[in-house]
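Q: Numbering (UniProt numbering), first residue to last: 1 to 186.
For every residue, glycine included, the Cβ atom is placed at its ideal position computed from N, Cα and C.
Below: one structure in structure tokens.
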């Protein structure tokens, strides 16, 4: 089992960060800036996740992608790339065709850790889905509110409120609090 926490940065991809994208997340740049600061203090203990469209959607994903056909267009494949501010480097890369990124394979890739610091987009979708699955798996989850962004400020706050209901499994925190925990606060 892994000792120490891992930083899991959820879906900081062009598809959510570029204003022209149909899945643009307002405040993406603010979340990414917080993620960059956090990554500096988790060398060798960072995972970068990517939401990727399936080759052939099945089940409830069929009507989902009928609503968002651009996401399956091969011409848009580069939109699934991570943003330049967060190059892979030594990070563990986790690609999933689902909102939630926590599963047995993710846990194994992170050395069976029982403690994650979670940030990214969108708070009200992929971050929420990942946090709940990890908490349900017995993992301590700290969601860094100011390194996350939702589809709207209201949706961001609602998602944080839902996750706060899962205390003590899920804790809502800030970039500064994580830095202070490591003796690096400004």
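Using the three-state DSSP reduction, which class does residue 171 fall into: helix, strand or coil?
A: DSSP places residue 171 in strand when its eight states are reduced to three.
Q: Measuring CA to CA, which of 143, 103 and 116 is closest to residue 122?
A: Comparing Cα positions, the closest option is 143.
Q: Going by DSSP in three states, residue 178 sits in which element: helix, strand or coil?
A: Here residue 178 sits in helix by DSSP.
Q: Given residue 52, which residues of its chain have a CB within under 6 Å of its CB, disregarding the five upstream and five downstream residues?
A: Only 80, 95 and 97 meet the Cβ criterion.
Q: Under a three-way DSSP split, which group does residue 62 fall into?
A: The answer is helix: DSSP assigns residue 62 an H, G or I state.
Q: Go through its chain and collect everything with a Cβ distance to residue 182's Cβ below 7 Å, but skip five positions before and after it.
A: Once the five neighbours on either side are set aside, the close Cβ partners of residue 182 are 41.
Q: DSSP beta-bridge partners for residue 148?
A: Residue 148 is bridged to 120.
Q: Pull up the distance between the alpha-carbon of residue 31 and that of residue 120, whole angstroms please.
A: Cα-Cα distance, rounded: 6 Å.
Q: For a test of the three-state rule: what should DSSP assign to residue 82, helix, strand or coil?
A: Strand at residue 82.
Q: So, are the CB atoms of residue 131 and residue 118 less than 7 Å apart?
A: Going by C-beta atoms, residue 131 is nearer than 7 Å to residue 118.
Q: Classify residue 141 as buried or exposed, calling it buried when 16 or more other Cβ atoms lie within 10 Å of its own Cβ.
A: That one is buried.
Q: What does DSSP give as the partner residues of residue 13 in its beta bridges?
A: DSSP, once it has assigned bridges, lists 82 as partnering residue 13.
Q: Our contact map puts residue 161 next to residue 83 with C-beta atoms below 8 Å; I'd like the distance itself, whole angstroms only.
A: Actually they are not in contact, since the Cβ atoms of residue 161 and residue 83 sit about 27 Å apart, beyond 8 Å.
Q: Buried or exposed for residue 13, please, with buried defined as at least 16 other CB atoms from any protein chain shown within 10 angstroms of its CB.
A: Answer is buried; the Cβ neighbour count reaches 16.
Q: Expressed to the nearest angstrom, what Euclidean distance is found between the alpha-carbon atoms of residue 93 and residue 47?
A: Using only the alpha carbons, I get a separation of about 6 Å.
Q: Would you mind reading off the limits of the beta strand (DSSP E) that contains residue 48?
A: Unbroken beta strand (DSSP E) run through residue 48: 46-51.
Q: Ends of the beta strand (DSSP E) at residue 93?
A: Per DSSP, residue 93 belongs to the beta strand (DSSP E) from 92-96.
Q: Grouping DSSP H, G and I as helix and E and B as strand, with all else coil, what is residue 115?
A: In this structure, residue 115 counts as strand in the three-state DSSP scheme.
Q: What three-state label does DSSP hand residue 107 in the structure shown?
A: Correct three-state label for residue 107: helix.
Q: Would residue 147 pass as a contact of residue 102 if the rule is Cβ separation under 7 Å?
A: No. Outside cutoff.
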